[in-house]
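Written below as structure tokens is the structure these notes are about.
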Amino acid sequence: MMKFYLDTANLASIKKYNAMGLVDGVTTNPSLIVKEGADFEETIKAICKEVYPNPVSAEVTATDYEGMVSEGKRNKAWAENVVVKIPMIPEGLKATKTLSKMGIPINMTLIFSANQALVAAKAGASYLSPFIGRLDDIGQDGMGMIADLVAIKRAYGERFKAEVLVASIRHPIHVLQAAKLGADIGTMPAEVMDKLLMHPLTDIGLKRFLDDWNKAKKERPSITA
Ligand code: E4P
-6 MMKFYLDTAN LASIKKYNAM GLVDGVTTNP SLIVKEGADF EETIKAICKE VYPNPVSAEV
54 TATDYEGMVS EGKRNKAWAE NVVVKIPMIP EGLKATKTLS KMGIPINMTL IFSANQALVA
114 AKAGASYLSP FIGRLDDIGQ DGMGMIADLV AIKRAYGERF KAEVLVASIR HPIHVLQAAK
174 LGADIGTMPA EVMDKLLMHP LTDIGLKRFL DDWNKAKKER PSITA
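The sequence shown begins at -6 in this note's numbering and counts up one residue at a time.
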């Protein structure tokens, strides 16, 4: 079953969907952290506490090997369920190799091809984040990349350990297609998760049931006995 992650640093949204049992994990990035306007460390600690033991990705902002390793260790020390997010660049691969060897789980982000994902998995990443929406935005086939990656993972079975974390999801069809392909995880903004739950016919149907019930109760008070 595909896991649902929320792609946000907004604690209220996370609490809302976590109460419904829909949050298998959380991904953040520097843009999402800045959007909430709160301290990075405090934000990550609060999210980690809310969704514990589910994983929470906290991204490094350094772009050199030493900086990424040092920030990765720092982020991991904030909470047991932190996953360190590292960009798909050569220095990031080196940092992934080092940190994953220490037992720190890595989510490799900003992946835009199945080959980049393969490379990330080889370096030791536990989660591979291919960005589908941003590929669609430039006229390329985001979901095609997921299809390739899922096929590769399936071909290797148990030998392919990393999870395919579909990122940059923009609408419910992305979720549906990723699930049909058998992707491990989809991370989505709250607006997309909301659209997965809602259907106008559910609301219309519920209203009709309750109208009928209340009308009958007025006419025949014994109906609730
Ligand atoms: C993934 O981890 C990223 O935070 C995210 O999915 C990026 O999505 P966007 O392209 O909508 O910014």
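Glycine included, each C-beta is placed from N, C-alpha and C at the ideal position. This one's a predicted model, so the numbers in the text were calculated from it and none came from an experiment.
Asked, Found
"P80 beta carbon near ligand 1 (any heavy atom closer than 8 Å)", "no"
"Reference I104, options G96, N74, A118, R147, closest by Cα", "A118"
"Straight-line Cα distance separating A110 from L128", "14 Å"
"Residue from K87, V76, I97, M95 with nearest C-alpha to S122", "V76"
"Three-state secondary structure (DSSP) of K173", "helix"
"Where F193 falls: helix, strand or coil (DSSP)", "According to the sequence provided, residue 193 is Pro. The question's Phe does not apply to it. P193: helix per DSSP, three-state reduction."
"The stretch 193 to 207 in contact with the stretch 15 to 26 per 3-pair CB rule at 8 Å", "no"
"Pocket of ligand 1 (residues with CB nearer than 6 Å to any heavy atom), chain order", "D0, T20, N22, T102, S122, F124, G126, R127, A160, S161, T180"
"Neighbour-count burial assignment, Y(-2), 16 or more Cβ in a 10 Å radius", "buried"
"A114 (DSSP reduced to helix, strand or coil)", "helix"
"Three-way DSSP call (helix, strand, coil) for K69 in this model", "helix"
"Where K220 falls: helix, strand or coil (DSSP)", "This structure does not reach residue 220, given that the chain is present from -6 up to 218, and the question cannot be answered."
"Contact between the stretch 183 to 191 and the stretch 160 to 171 (3+ Cβ pairs under 8 Å)", "yes"
"Run of the alpha helix (DSSP H) containing V44, from where it starts to where it stops", "33 to 44"
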